[in-house]
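Q: Would you mind keeping the following structure in view while I ask a few things?
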Ligand code: DC
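Shown next, in the form of structure tokens:
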């Protein structure tokens, strides 16, 4: 079966999630947030107290890992060994641990099959860091979404209205995570050579989606 796969990569806070959701709705396909899988790994590492820097321990942990997505309309539910963990994976601790543990090649290898299996049967918009470079190098429509660091930090801060967060701290955490994600050896965050790069700093979500739809229709 030939499915239509659209990849959207980019750093944290560039607007990937909102854009991917809106684009998938417009195109009538599913939306897959691959960061949630890395967050799921980090959540389980933290919950089970796994010494993930020890390769043997990590390999054993990954053997027993059972992560998958349930798709409920436009809501993605992350299931770990039968348990819904969607609401536990968005903390700053998990963000940092997801970024650090995602540098391990065996973590990336363990999640590759899950991502590619979804793509076998469904048209989808895949959001992540290495969608266009590693997971779906043959995707016809590839985008790389980015924005100025201070704008990304402000967006992220606005998403957490209930928490008193220091915007400088959010910016600092983002910078550290960007550095880790783009400097790791395996599947670093970078645009695929054939990706269309979009700077979302001064664009609305609708404008970004509009640009993408035009590119897709033109191809
Ligand atoms: O997209 P996100 O912020 O939820 O992702 C959390 C972390 O997971 C991110 O800092 C790096 C990692 N990640 C990755 O390495 N590859 C992906 N395709 C998606 C996320």
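Numbering (my numbering), first residue to last: 47 to 265. We treat Cβ as the ideally placed atom computed from N, Cα and C, and that holds for glycine. Since we're looking at a predicted model, the values are computed, not measured.
1. Going by the beta-carbon positions, is the gap between residue 88 and residue 143 smaller than 8 Å?
2. How far does the beta strand (DSSP E) with residue 188 in it reach, from first residue to last?
3. Does the beta carbon of residue 265 fall short of 7 Å from some heavy atom of the ligand DC?
4. Cutting at 7 Å between CB atoms, please list the residues of its own chain near residue 18, excluding the five before and the five after it.
5. State the DSSP-derived secondary structure class of residue 160, mapped to helix, strand or coil.
6. Between the Cα of residue 62 and those of 222, 188, 225 and 240, spot the shortest distance and give me the residue it belongs to.
7. Mapping DSSP to helix, strand and coil, what is residue 174?
8. Quick one: what's got a C-beta closer than 7 Å to residue 116's C-beta in the same chain, skipping five residues either side?
9. Helix, strand or coil for residue 70, going by three-state DSSP, please let me know.
10. Examine the ligand DC and report whether any of its heavy atoms sits within less than 7 Å of the Cβ of residue 177.
11. What residue from 64, 48 and 219 has the CA that sits closest to residue 191's CA?
12. Taking 7 Å as the cut-off, is the CB of residue 64 close to at least one heavy atom of the ligand DC?
13. Note the first and the last residue of the continuous beta strand (DSSP E) segment covering residue 119.
A: By the coordinates alone:
1. Start at 1 with the first residue of the chain shown, and residue 88 comes out as number 42. Start at 1 with the first residue of the chain shown, and residue 143 comes out as number 97. Yes.
2. On the chain shown, position 142 is the one that residue 188 refers to. 187 to 192 is the extent of the beta strand (DSSP E) around residue 188.
3. If you number the chain shown from 1, residue 265 lands on position 219. Incorrect: residue 265 has no Cβ contact closer than 7 Å to the ligand DC.
4. The chain is shown from 47 up to 265; residue 18 falls before or after that span and cannot be answered.
5. Translated into the one-based positions of the chain shown, residue 160 becomes position 114. Looking at residue 160 - three-state DSSP - the assignment turns out to be helix.
6. As a working note, residue 62 is residue 16 in the chain shown. The residue with the shortest Cα to Cα distance from residue 62 is 188.
7. Translated into the one-based positions of the chain shown, residue 174 becomes position 128. Three-state DSSP puts residue 174 in a strand.
8. Position 70 of the chain shown holds residue 116. So the qualifying residues of the chain are 123 and 125.
9. On the chain shown, position 24 is the one that residue 70 refers to. Helix, per DSSP.
10. By one-based count along the chain shown, residue 177 stands at place 131. Indeed, a heavy atom of the ligand DC lies less than 7 Å from the Cβ.
11. Locating residue 191 in the chain shown gives position 145, counting from the first residue. Nearest C-alpha to residue 191: 64.
12. Locating residue 64 in the chain shown gives position 18, where the first residue counts as 1. Answer for residue 64: no, Cβ out of range of the ligand DC.
13. To locate residue 119, count along the chain shown from 1; it is residue 73. Looking at the DSSP string, residue 119 is not in any beta strand (DSSP E), and its letter there is neither H nor E.
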